[in-house]
Amino acid sequence: MKNFFSYKYSSLYPLIAIVGGLTIVIFTLVFANDVKCTYFLITVYLMMFLFIDYKVCLKSLIYLIIIGGLFFLIAYLVSDRLDQGVSMLNRVAAFSVGMIPGVSLGPDRLARNLAQIRAPRSLTIGMLIVFSFMPTLLNESRRVKEGMKARGSFTVLNPKILYRAFLIPFITRIVDISDTLSLSIETRGFDLHNKNYSVYKKEYIRFFDILFILLIVLCIILAVIL
Amino acid sequence: MKNKRENFDNLVKTLSKSSEENQNSEKISKNEEKTVKISEENYKIFQKFKIKDIVFLAIISCIMLLTGAFMPLVSNIPIFGIIQICLGLQFSLFPAIGMMKVRKPGALLFMSFFSGIVLIFMNTIMFFCLLLCALIAEALTILIFRGYKSDWASFFAATLYLPLTLPFLYLWYKFFYSFTGEEGQAVSAFIGSDAGTAIGMCFAVIALCAVGAFIGVIITRELKKAGVIKK
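Quick note, the sequences are listed as chains A and B, same order. Here the first sequence is numbered in numbering that gives the first Met the number 0, starting from 0 and rising by one per residue. Here the second sequence is numbered in numbering that gives the first Met the number 0, starting from 0 and rising by one per residue.
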C-alpha cells in the first residue's frame with residue numbers, strides 16, 4: 000500500500016502504457032477530421048511530460064514536426080483546404096503521440112510484465128527478440144554490403160546482384176544467428192513448457208498508472224462532449 | 000573339479016549371451032518405438048513449436064519490420080492498396096522463408112504477431128488485419144494442403160497473406176468512419192474515384208506477393224541444397 004502511492008518518474012506499468020497508447024491512436028483516428036482532436040492531442044502530449052521521460056516526448060515531437068509538417072503541406076496543397084491538412088496532421092500526430100508510452104518502456108520491462116501475468120513464453124521470447132534484434136540485423140546487412148563491395152558489386156538495384164550477393168548471404172547469416180541464439184536460450188534454461196519460474200523485480204500497478212489512464216479517458220470525454 | 004569349472008564357465012556364457020540378447024531386443028523395441036513416434040509426429044498436421052522455431056520466426060519478423068519501416072509514411076496516403084504495394088514484396092518473401100523452414104501450422108500467425116507488436120503503434124489497423132489474414136491464410140492452407148509439407152503450401156500461404164488485407168481494410172474503414180457519419184467520404188477516399196484503378200491495384204498486389212513468395216521459396220530451396228537449412 001505504501002508503494003501504491005509512491006511516484007516514480009517514467010515508470011508506467013507496461014500494460015497500462017500500451018493500452019493508453021492504443022486508446023490515443025484509435026480515438027484520434029476516429030475523430031481525425033475534427034479540430035477538437037488537435038486540442039485533445041496537445042493536452043495529452045503535455046500531460047505525458049508528467050509520466051514519461053521528457054527525452055522520449057521531445058524525440059517524438061521532432062518526428063511529428065518533420066513528417067507531420069510534410070503530410071500537412073501535401074494534403075493542404077492537393078486539396079487546397081486547411082481542414083484536410085489538419086486532418087492529415089492529426090493522423091500523423093496520433094501515431095507519434097500514441098507511441099510515446101510504448102517507446103518509453105524497455106522491452107525487458109514489458110517481457111517481465113508479461114511473464115508475471117503468465118503469458119505464453121513463446122510470445123515473450125519472440126517479442127524480446129523482435130525488440131532487441133533490430134540493431135544486430137542492421138549491422139549484419141551492413142557487413143553483407145561490405146562483403147559485396149569487396150567482391151566488386153556496389154549496387155543492390157540489380158536484381159541478380161541483389162539475389163546472389165545480398166539475399167543469399169544475408170539469409171545464411173540469419174539462419175546461423177538464429178541457431179546460435181536458440182542454443183544460447185536453451186542453455187540459459189528457457190523452454191516453452193509451462194513450468195513454474197520466478198520473476199524478479201515484479202511490476203506493480205501504482206496510483207499514478209491509474210491516474211494516467213483516467214486522465215486520457217477524461218480528455219476523450221471532454222473532446223467528445225465539448 | 001575340472002568338470003565343475005567347465006560347467007560353471009558354460010553357465011556364465013549362456014547367462015551373458017541371454018542378457019546381451021535381451022538388451023539387443025530392448026534396443027530394437029526402443030528404436031522401433033522411436034521411429035513410430037517420429038513417423039507419427041511427421042504425420043501430424045499440428046506440431047509443437049520448439050525454441051529454435053520461435054527464434055527463427057521472431058528474427059524473420061524483425062527483418063519484415065525493418066524492411067517495412069516506411070509504413071507510417073505510406074499509411075496516411077489515401078490511395079487504395081498503397082500500403083500493400085509498398086510492403087508486398089517483403090511481406091511475402093520473408094514469410095515464405097519462415098514457413099519453408101518452420102513447416103508447422105501457426106508459423107505465419109506467430110510471424111504476424113511478432114511483427115504486429117511493433118506495428119501496433121505504427122498502424123493499429125494493419126496489426127489486426129494482418130493477424131486475421133494470417134489466420135485465414137493458415138486455415139485455407141491446412142484445408143487445401145493438409146499442412147506445410149509441400150513447398151506449394153508455403154508459396155500459397157505467403158502469396159495469400161497480404162492481398163487478404165485489402166477487403167478487410169475496406170471493411171475496417173467502412174466500420175471505423177461510420178461513427179463520425181463520414182462513412183461514404185472515407186470509403187471513397189480509400190477506394191479512389193475509379194473502380195478500375197482499385198481492381199488493377201488488387202491484381203498488382205497479388206502479382207507482387209506471388210513474385211515475393213516465389214523468390215522466398217527459391218532462396219530456401221537453394222539454402223537447403225547447400226545444407227544451410229536442415230530438413
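Yeah, the Cβ is synthetic: ideal placement off N, Cα and C, and Gly gets one too.
Item: Could you give the residue range of the alpha helix (DSSP H) that holds Leu156(A)?; Value: Segment: none, Leu156(A) is in no alpha helix (DSSP H) and carries neither H nor E.
Item: Quick check on Pro94(B): does DSSP put it in helix, strand or coil?; Value: helix
Item: Roughly how many angstroms separate the alpha carbons of Ile96(B) and Ser152(A), rounded to a whole number?; Value: 25 Å
Item: Grab the span of the alpha helix (DSSP H) containing Tyr53(A) for me, first residue to last.; Value: 53 to 62
Item: For Glu202(A) and chain B, any beta-carbon pair shorter than 8 Å?; Value: no
Item: What do you get for Lys201(A), buried or exposed, if any count of 16 or more other CB atoms within 10 angstroms of its CB means buried?; Value: exposed
Item: Does Arg150(A) come out as helix, strand or coil in the three-state DSSP assignment?; Value: coil
Item: Just how far apart, CA to CA, sit Arg172(A) and Glu139(A)?; Value: 8 Å
Item: Quick check on Gly151(A) - is its C-beta less than 8 Å from some C-beta in chain B?; Value: no
Item: May I ask you to report which of helix, strand or coil DSSP gives Pro100(A)?; Value: helix
Item: Quick check on Val11(B): buried or exposed, where buried means 16 or more other Cβ atoms within 10 Å of its Cβ?; Value: exposed
Item: Could you name the residues of chain A that Cys61(B) contacts, counting a contact when the two beta carbons are closer than 8 Å?; Value: Ile128, Val129, Phe132, Met133, Leu136
Item: The alpha helix (DSSP H) spanning Val18(A) covers which residue range?; Value: 13 to 29
Item: Quick one: which chain A residues come within Cβ less than 8 Å of Glu221(B)?; Value: Ile167
Item: For Met98(B), which residues of its own chain have a beta-carbon under 7 Å away from its beta-carbon, when the five flanking residues on both sides are left out?; Value: Ala106, Leu107, Tyr147, Ser153, Ala156, Ala157
Item: Sorted by chain position, which residues of the same chain lie with C-beta nearer than 6 Å to Leu180(A)'s C-beta, five sequence neighbours on each side aside?; Value: none
Item: Tell me whether the stretch 120 to 128 of chain A and the stretch 68 to 75 of chain A touch, counting them as touching only if at least three CB pairs, one residue from each stretch, are closer than 8 Å.; Value: no
Item: Under 7 Å Cβ-Cβ, which residues of chain A neighbour Val54(B)?; Value: Ile128, Ser177, Leu180, Ser181, Ile184
Item: Among Leu225(A), Ile215(A), Leu156(A), Ile65(A), which one has its Cα closest to the Cα of Leu45(A)?; Value: Ile215(A)
Item: Would you verify that the beta carbon of Phe3(A) is, or is not, closer than 8 Å to some beta carbon of chain B?; Value: no
Item: So Ile228(B) contacts chain A; which residues on that side make the cut at Cβ distance below 7 Å?; Value: Val174
Item: Return the residues of the stretch 125 to 158 of chain B that lie within a Cβ-Cβ distance of less than 9 Å from chain A, sorted by chain order.; Value: none
Item: Note down, in chain order, every chain B residue with its Cβ under 7 Å from the Cβ of Ser121(A).; Value: Phe48, Ile53
Item: Thinking Leu11(A) and Phe50(A) are a contact (beta carbons under 8 Å), I'd like their distance in whole angstroms, please.; Value: 6 Å
Item: Helix, strand or coil: which one does DSSP assign to Gln46(B)?; Value: coil
Item: Using alpha carbons as the reference points, say which of Phe48(B), Gln83(B), Lys229(B) lies closest to Gly211(B).; Value: Gln83(B)
Item: Measure the beta-carbon distance from Pro104(B) to Phe45(B) and round it to whole angstroms, keeping in mind my assumption that it falls under 8 Å.; Value: 6 Å
Item: Do Ala110(A) and Met246(A) have their beta-carbon atoms positioned less than 8 Å apart in this structure?; Value: Outside the shown range of chain A, which is 0 to 225, sits residue 246(A), and nothing can be said about it.
Item: One question on the structure: do Ser86(A) and Asn32(A) come within less than 8 Å of each other, judged by their Cβ atoms?; Value: yes
Item: Could you name the residues of chain B that Asp190(A) contacts, counting a contact when the two beta carbons are closer than 8 Å?; Value: Ile50
Item: Of all the CB atoms in chain A, is at least one closer than 8 Å to the CB of Ala209(B)?; Value: no
Item: Quick one: is Leu156(A) near chain B, going by C-beta distance under 8 Å?; Value: no
Item: Is it right to say Thr186(A) is buried, meaning 16 or more other beta carbons lie within 10 angstroms of its own, or is it exposed?; Value: exposed
Item: Count the other CB atoms, across all protein chains shown, that sit within 10 Å of the CB of Asp8(B); report buried if there are 16 or more and exposed otherwise.; Value: exposed
Item: How about Ala57(B) and Ile128(A): do their beta carbons lie closer than 8 Å?; Value: yes
Item: Answer yes or no: does any C-beta atom of chain B fall closer than 8 Å to that of Ile170(A)?; Value: yes
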